[in-house]
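Visitor:
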Amino acid sequence: MHRINLLSQRLANQIAAGEVVERPASVVKELLENSLDSGATRLDIDVEQGGVKLIRVRDNGTGIQKDDLALALSRHATSKIKELADLESIGSLGFRGEALASISSVSRLSLQSLAAAASDGLAWQVQVEGQDMEAAVTPVSHPEGTTVEVRDLFFNTPARRKFLRTEKTEFGRIEETVKRLALSRFDVQFTL
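Using the numbering used here, you'd call the opening residue of the sequence shown number 1393 and step up by one each time.
(1) Beta-carbon within less than 7 Å of Ala1462's beta-carbon, same chain only, minus the 5 sequence neighbours each way: which residues are those?
(2) For Leu1501, tell me which candidate among Gly1522, Leu1424, Val1580 has the shortest Cα-Cα distance.
(3) Closest to Glu1414 by CA distance: which of Lys1554, Ser1511, Leu1584 is it?
(4) Could you spell out the range, first to last residue, of the alpha helix (DSSP H) harbouring Leu1590?
(5) Only counting the same chain, and skipping five residues up and downstream in sequence, which positions put a Cβ closer than 6 Å to that of Gln1504?
(6) Taking the straight line between their C-alpha atoms, what separation do you get for Gly1431 and Arg1467?
(7) Buried or exposed: which applies to Phe1563, given that a residue is buried once 16 or more other Cβ atoms fall within 10 Å of its Cβ?
(8) For Ala1432, which three-state DSSP category applies?
(9) Among Arg1450, Gly1442, Asp1460, Thr1569, which has the Cα closest to the Cα of Ser1427?
(10) If you measure from the beta carbon of Gln1581 to each beta carbon in chain D, is any gap under 8 Å?
(11) Could you tell me the boundaries of the alpha helix (DSSP H) in which Gly1443 lies?
(12) Below 7 Å CB to CB, which residues in the same chain sit around Gly1453 once its five sequence neighbours on both sides are set aside?
(13) Considering only DSSP beta bridges, list what Arg1577 is partnered with.
(14) Nearest-angstrom Cα distance between Gly1443 and Ala1510?
(15) Please confirm whether any heavy atom of the ligand HEM lies closer than 7 Å to the CB of Gly1537.
(16) Can you give me the C-alpha to C-alpha distance between Val1419 and Glu1541, rounded to a whole angstrom?
(17) Within 10 angstroms of its Cβ, does Gly1455 collect 16 or more other Cβ (buried), or is it exposed?
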């Protein structure tokens, strides 16, 4: 008979990431929705090797303040709701605070941002690798808005990587995701 064991935080995060991060296209969807929620009017998406090697989303939205940058990578961290009653008036695409935490648990993630509200005009960066690293915030040169760079998707979960299709197929799914969002937002410029 097998004993019941409590999963490590790392393993629990990787399993939970599977609900949000199924493939590169789901990463792109989550990042684009975050950008749209930030008020971005321009989204630039770069992809290498079908999104497995690199997914980079740059926006010109309101950005993330220095004090919130590392927190943005934590599970259940969101700027959309504060209490249960807020759920009744959700007007954003995302609100659970799961996307960045899930993505960062299965990739090497870099988050750079210059918040529109930053009185000093300084941009900041935080980098994590499979959520094994402490998220240190460092200064960086960056225009107003946010850039999320996801490298080596599923580097620490080879079973997930094994189920991905060809580079061409994965890119096609990313392209379809971008098209769907672009068709719903004529006021936003999308570049892939």
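Ideal placement from N, C-alpha and C gives every residue a C-beta, glycine not left out.
Guide: On the basis of the supplied data:
(1) Val1518, Ala1527, Val1529
(2) Gly1522
(3) Lys1554 is the residue among Lys1554, Ser1511, Leu1584 whose C-alpha sits nearest the C-alpha of Glu1414.
(4) Here the chain covers residues 1393 to 1584 and nothing more, so residue 1590 does not appear.
(5) Gln1517, Val1532, His1534, Thr1539
(6) 22 Å
(7) buried
(8) coil
(9) Arg1450
(10) Absent from the structure is chain D; it holds one protein chain and no more.
(11) Counting along the chain, Gly1443 falls outside any alpha helix (DSSP H), and DSSP gives it neither H nor E.
(12) Answer for Gly1453: Ser1427, Ser1430, Gly1431, Ala1432, Gly1537, Thr1538, listed in chain order.
(13) Paired residue(s): none; Arg1577 is not in a bridge.
(14) 32 Å
(15) Summarising the ligand content, the structure contains no ligands, and the ligand HEM is consequently not present.
(16) 11 Å
(17) buried
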